[in-house]
Every structure is written in C-alpha cells, then in structure tokens.
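**Student:**
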Amino acid sequence: MNLLKKLESHKLLLFVLKRLSEGYKSSDGRIYLVGGAVRDLIIDGEKINDLDILITSGYPLDYAENLKNEGLTDHIRGESIYNTAKLIIEYQKKSFCIDINHARTEQYINPGSLPEIEWVDSLFFDVSRRDFSINAIAMSLNSDSFGEVLDYLNGIEDLGKKKIRVLHNDSFIDDPIRIFRLIRYMKRLGLTIEGNTKSLLKNAVIDNLLANVSGDRIFDELVKCLSEEYSHLYFEAFDTYGIFKDFHFDTTALKRFEKDPSFITMKGDNSLDTILLKILLLGSPVFLQYNMPKGYKRFIENYLNNCIEWKKRILLTSSDSELHGIASSLQDESILAIAFSSVPEDKACALIKHYFSSLKWMKTHLTGRDLISMGVEQGKQISIILGEILEEKIQGNIEDSLEAEIEFIEKKLGRNV
Ligand code: ATP
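If you count by our numbering, then the sequence shown holds residues 44 to 460, one letter each, in order.
1) Around the Cβ of Ser416, are there at least 16 other Cβ atoms within 10 angstroms (buried) or fewer (exposed)?
2) Does the distance from the C-beta atom of Val81 to that of Ala181 stay below 8 Å?
3) Is DSSP giving Ser138 helix, strand or coil here?
4) Just to confirm the assignment, what range does the alpha helix (DSSP H) spanning Gln150 have?
5) In this structure, how does DSSP classify Lys205 when only helix, strand and coil are distinguished?
6) Determine the DSSP secondary structure at Tyr284, reduced to helix, strand or coil.
7) Nearest by alpha-carbon distance to Ala296: which of Lys321, Thr283, Asp316 is it?
8) For Ile437 versus Asp363, is the C-beta spacing smaller than 8 Å?
9) Go to Phe86, then tell me how far its alpha helix (DSSP H) extends in each direction, as first and last residue.
10) For the candidate residues Ile143, Glu442, Tyr398, whose alpha-carbon lies nearest to that of Ser372?
11) Per DSSP, what are the beta-bridge partners of Thr235 in this structure?
12) For Ala107, write down the residues that DSSP places opposite it in a beta bridge.
13) Quick check on Val209: buried or exposed, where buried means 16 or more other Cβ atoms within 10 Å of its Cβ?
14) State the CB to CB distance for the pair Leu130 and Leu157, rounded to an integer number of angstroms; the pair is presumed to be in contact (CB under 8 Å).
15) Specify the secondary structure class of Ser183 as computed by DSSP and reduced to three states.
16) Could you spell out where the alpha helix (DSSP H) holding Val266 opens and where it closes?
17) Which residues in the same chain have their Cβ closer than 7 Å to the Cβ of Phe290, if we skip the five residues on either side of it in sequence?
18) The beta strand (DSSP E) with Tyr75 in it runs from where to where?
19) May I have the straight-line CA-CA distance separating Asn345 from Leu433, to the nearest angstrom?
20) State the CB to CB distance for the pair Ile220 and Ile143, rounded to an integer number of angstroms; the pair is presumed to be in contact (CB under 8 Å).
21) What does the alpha-carbon distance come out to for the pair Glu272 and Ser400?
22) Quick one: what does DSSP say Asp93 is sitting in, helix, strand or coil?
23) Looking only at its chain, what residues have a beta carbon closer than 7 Å to the beta carbon of Gln150, apart from the 5 residues adjacent to it on each side?
24) Ile86: which of Ala128, Arg227, Leu202, Ala393 sits nearest, CA to CA?
25) If I'm right that Arg62 touches Leu115 with Cβ under 8 Å, what's the distance once you round it to whole angstroms?
26) Let's test the definition: count the other Cβ atoms within 10 Å of the Cβ of Phe167 and tell me whether it reaches 16, buried, or not, exposed.
27) When you compare the stretch 417-429 with the stretch 377-397, are there three or more beta-carbon pairs, one atom per stretch, that lie closer than 8 Å?
28) Hey, would you say the C-beta of Tyr98 is under 7 Å away from at least one heavy atom of ligand 1?
29) So does Gly78 have its beta carbon nearer than 7 Å to some heavy atom of ligand 3?
30) Relative to ligand 1, is the shortest distance from any of its heavy atoms to the C-beta of Ile220 smaller than 7 Å?
31) Do Lys205 and Thr240 have their C-beta atoms closer together than 8 Å?
32) Residues in the same chain with beta-carbon distance under 8 Å from Lys340, minus the five sequence neighbours each way, listed in chain order, please.
33) Give, in chain order, every unbroken run of the alpha helix (DSSP H) that is at least 4 residues long and sits entirely within the stretch 369-417.
Now the structure itself:
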C-alpha cells in the first residue's frame with residue numbers, strides 16, 4: 044500500500060512530511076511516520092496534526108536543530124535523556140506537533156513501571172513494542188519509497204475488520220495504562236475488541252493491574268477521555284469492563300450535556316473549563332483519589348457537598364435579579380452541572396438556561412470612566428452605581444441602551460433630562 048495518493052488531499056500535511064524527509068540527512072538511517080497519523084490516514088481521518096517520526100540513526104535533537112536551521116520551525120523542545128525531540132511546525136495557519144524518536148525496544152522489568160530502553164536501528168523492533176496493531180503501522184518518509192506503508196503486524200487487516208488487538212499476551216501486564224488506551228480507540232474509532240485481547244483485558248481487570256499505575260498517569264488518561272466529544276461512551280465502557288471495580292459512573296447528566304451543549308457556547312464564551320464540568324456531571328468521587336490540577340479537588344468536593352443546597356436556592360428565587368445574584372455568585376461549571384443533572388422539565392434547569400441565555404451576559408454600556416466624566420466622584424461610589432444600573436436593567440426598569448443608562452444617571456444626579 045502507498046499513501047501518496049491519500050496525502051494529495053492533505054496538502055499541508057504532505058508539504059510538512061516532505062520537508063521532514065528532506066531535513067533528515069543521515070547516510071545510513073531511515074525515517075518513518077508511525078502510529079496514529081498513519082492509522083488515521085488509512086481510515087481517512089480528518090484532523091492529522093500530531094506526527095510521530097521515527098529515525099533509525101542519529102540524534103532526534105540534532106535532526107530537530109537541523110530542521111530549525113532550515114527555517115521549518117522556531118519551536119523545539121528536546122529531552123536528551125529519552126533521546127526524543129518535540130517541535131511545532133506552523134504552516135499556513137495550521138499547527139503540527141511533531142515528536143521525533145529514535146527507534147527503540149522496551150523491556151518491562153516490573154509491571155506498570157518505566158521500561159528499560161535499548162536503542163536499535165530496526166523499524167520492526169520498534170513497532171513491536173507498541174500497544175496495538177493499528178498503532179504499529181509505519182509509512183516511509185525516505186525519498187526512495189516515500190508514502191509506502193510497512194505493516195509488519197497486520198494492523199491494516201485489523202483496521203479493515205474494525206478490531207483492536209494487542210501485540211502480545213503480556214501487553215497489559217507490561218503497561219496497564221493500555222487498558223485506557225484500548226477503551227479510547229475502541230470508542231473513538233468504533234472498533235470491537237479482538238477475542239484474545241478481550242480475555243487479556245478481563246484478566247488484567249481481575250488482577251487489578253491498574254493498581255500498579257501512578258494516579259497521575261490514570262488522571263491524564265481520564266482527561267483524554269473527557270476531551271472526546273462523546274466522552275460518556277468511554278465511561279460507560281469503563282463500567283462494562285469493570286475497570287473501576289468499586290465505582291460505577293452514572294452518565295445520565297454527561298450524556299444530556301454532550302447531546303446538546305448548545306446553550307453553553309452562546310455569546311462566544313470560551314472560558315468554561317469543560318473537563319471540570321464533565322467531572323462534575325459524572326458526580327463521581329472516583330476522581331478525588333488522583334492528583335488533579337490545583338484547585339480541582341476543592342472545587343469538586345465543594346460541589347458534591349453543596350450542589351443540593353445551591354439548587355434549592357435557585358429554585359426559591361422569585362425574580363431575575365435574585366436569580367442573577369445567586370447564579371453569578373457561583374462558578375459557571377457548578378450551575379451548569381446543576382442544570383444538566385436535572386431533568387429538562389425541572390424548573391431549576393429552566394431557570395439556569397434563562398440565566399445563561401440572557402441574564403449572565405447583561406452588562407452596563409456605561410463604564411466607570413464615563414461616570415467620572417459625568418461628574419460622579421472617583422472611588423467606591425463608581426462600582427456601587429454601576430451595580431445599581433445593572434440591577435435596574437435586570438429588573439427591566441431600564442432599557443438595554445446607552446441612552447437609557449445616561450438618562451438614569453442624569454436623573455440620579457438630579458439633573459434635568
Ligand atoms: P491519538 O490520536 O490518541 O493521539 P496516537 O496513536 O497518536 O493517537 P499517542 O499517545 O500520541 O497516540 O502515541 C503515539 C504512538 O506511540 C501510538 O500510536 C503507539 O504506537 C505508541 N504508544 C503510545 N503509548 C503507548 C503505550 N502506552 N504502549 C505502547 N505504545 C504506545
């Protein structure tokens with residue numbers, strides 16, 4: 044199989060791959076694109092921005108420096124102990140993240156711990172250490188065979204059969220994090236688990252292999268699942284395979300949100316932390332056992348302890364201004380979680396939707412500086428008056444226009460209008 048034809052409909056990607064190929068100046072080495080990008084090209088995936096490049100000779104960092112000198116990139120990050128380099132190539136407003144690795148083998152001495160690495164010059168050995176056959180396909184970037192696919196482990200056949208398959212029986216024992224990776228690819232690419240792999244997965248769960256993995260790595264994997272568009276499917280699969288033994292995820296609220304997230308994206312507000320929101324929607328204490336970003340833990344605990352009370356307070360409001368007062372004193376993620384955790388017919392849900400669709404965005408047209416130029420004294424008074432204007436607008440006593448606000452202030456200052 045040769046992917047050159049397919050690459051013609053990915054012009055920017057083709058350009059970048061050609062430059063990566065030309066920039067590799069080794070006399071005895073070979074260079075390949077491996078992993079997800081090759082897999083996604085074969086199945087006609089759309090966004091192919093993350094490229095894993097494998098070289099069989101030379102130092103990734105030297106190669107990256109070479110690409111920098113040729114003007115292909117300004118951004119290089121090297122990790123010499125791992126013999127890897129990372130770079131970003133920006134071309135025609137598109138950004139490609141590139142990982143460059145030297146071919147290697149990995150030997151796992153203790154389950155779940157970091158492997159011992161040996162540098163090799165063989166593509167075959169390198170792809171054999173990978174997680175699944177569908178991620179072990181390579182494409183040549185060498186000028187004598189550019190675009191040619193090397194599929195030593197029958198990944199293409201598995202892609203055709205829509206199967207996900209580990210490469211050897213100790214795969215989950217070596218690196219139990221592959222349990223999460225399996226669920227992620229299965230759900231994202233609509234695959235089923237190959238028979239032997241399914242038995243190995245079941246054994247891995249019975250043997251509680253994930254107990255050997257650090258909480259940081261597990262949380263990273265959970266975040267990757269939460270970043271997917273339909274993440275509820277991933278959490279349902281965790282339950283199906285019993286991955287979090289004692290915990291079950293109730294995905295009802297998350298599903299509701301993912302089926303119709305429209306009202307949170309209104310008014311171009313993108314300050315929302317959707318990962319945090321999705322964690323709240325799952326409402327599971329399972330997340331609390333991992334090292335999460337600063338602030339998450341307290342936020343989640345606070346939500347779990349108070350959400351019922353907050354909902355009650357929202358339900359007891361009898362005016363827009365009261366609703367605005369309560370809703371704006373809480374974090375957006377918390378009130379949205381309350382809304383989506385309620386059935387759509389619930390009054391709290393309607394109130395929160397109303398807050399999000401209009402009240403939240405109400406602002407004064409006048410600024411503090413305008414008030415000063417109108418004769419209001421500088422100081423605390425300014426924010427008090429701006430608060431008053433907003434309150435009057437929420438109550439519907441002032442129209443939403445600059446003129447109406449000016450008129451209100453003039454009256455307040457005792458001037459004729
Ligand atoms: P995605 O689309 O999720 O980024 P990807 O295949 O590019 O998919 P990465 O996590 O970027 O995934 O990893 C790149 C490649 O490295 C994989 O395709 C796989 O070949 C290999 N790999 C990554 N993690 C593991 C692992 N835990 N065990 C074995 N191989 C792995």
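Glycine residues also receive a C-beta, built at the ideal position from the N, C-alpha and C atoms.
**Tutor:** Let me lay it out:
1) Ser416 counts as exposed, since fewer than 16 other beta carbons sit within 10 angstroms of its beta carbon.
2) Yes, the Cβ-Cβ distance between Val81 and Ala181 is below 8 Å.
3) DSSP places Ser138 in strand when its eight states are reduced to three.
4) Counting along the chain, Gln150 falls outside any alpha helix (DSSP H), though it belongs to the beta strand (DSSP E) covering 147-150.
5) Shown here, Lys205 sits in coil according to DSSP, grouped into three states, outside any helix or strand.
6) DSSP, read as helix, strand or coil, puts Tyr284 in coil.
7) The candidate whose alpha carbon is nearest that of Ala296 is Lys321.
8) Yes. Within cutoff.
9) At residue 86 the sequence reads Ile, which differs from the Phe that was named. Run containing Ile86: none; DSSP gives neither H nor E here.
10) Ranking Ile143, Glu442, Tyr398 by Cα distance to Ser372 puts Tyr398 first.
11) As computed with DSSP, Thr235 is found in a beta bridge with Lys206.
12) According to DSSP, which records beta bridges pairwise, Ala107 is partnered with nothing at all.
13) Classification of Val209: buried, given that the 10 Å Cβ count is 16 or more.
14) Between Leu130 and Leu157, the beta carbon gap of about 24 Å keeps them out of contact (Cβ cut-off 8 Å).
15) Residue state for Ser183 is assigned as strand, using DSSP reduced to three classes.
16) 258-269 is the span of the alpha helix (DSSP H), which, as asked, contains Val266.
17) Only Ser327, Val329 meet the Cβ criterion.
18) Note, Tyr75: beta strand (DSSP E), 74-77.
19) Note on geometry: alpha-carbon atoms of Asn345 and Leu433 lie some 29 Å from one another.
20) Taking a contact as a CB-CB distance under 8 Å, the pair Ile220 and Ile143 does not count as one, their CB atoms being some 22 Å apart.
21) Between the alpha carbons of Glu272 and Ser400 lies a distance of about 23 Å.
22) The answer is strand: DSSP assigns Asp93 an E or B state.
23) The answer, listed in chain order, is Pro158, Glu159.
24) Among Ala128, Arg227, Leu202, Ala393, the Cα nearest to that of Ile86 is on Leu202.
25) By a beta-carbon distance limit of 8 Å, Arg62 contacts Leu115. Their separation comes to about 5 Å.
26) Per the 10 Å Cβ criterion, exposed.
27) At 8 Å Cβ cutoff, the stretches do not touch.
28) According to the sequence as given, residue 98 is Ile; it is not Tyr. Set against 7 Å, the gap from the CB of Ile98 to the closest heavy atom of ligand 1 is not smaller.
29) The ligand content of the structure shown is limited to ligand 1, which means ligand 3 is not among them.
30) Checking every heavy atom of ligand 1 against the Cβ of Ile220, one is found closer than 7 Å.
31) No, the Cβ-Cβ distance between Lys205 and Thr240 is not below 8 Å.
32) So the list reads Leu331, once near-sequence residues are dropped.
33) Every alpha helix (DSSP H) stretch that sits fully inside the stretch 369-417 and reaches 4 residues is listed by chain position as 375-383, 390-400, 411-416.
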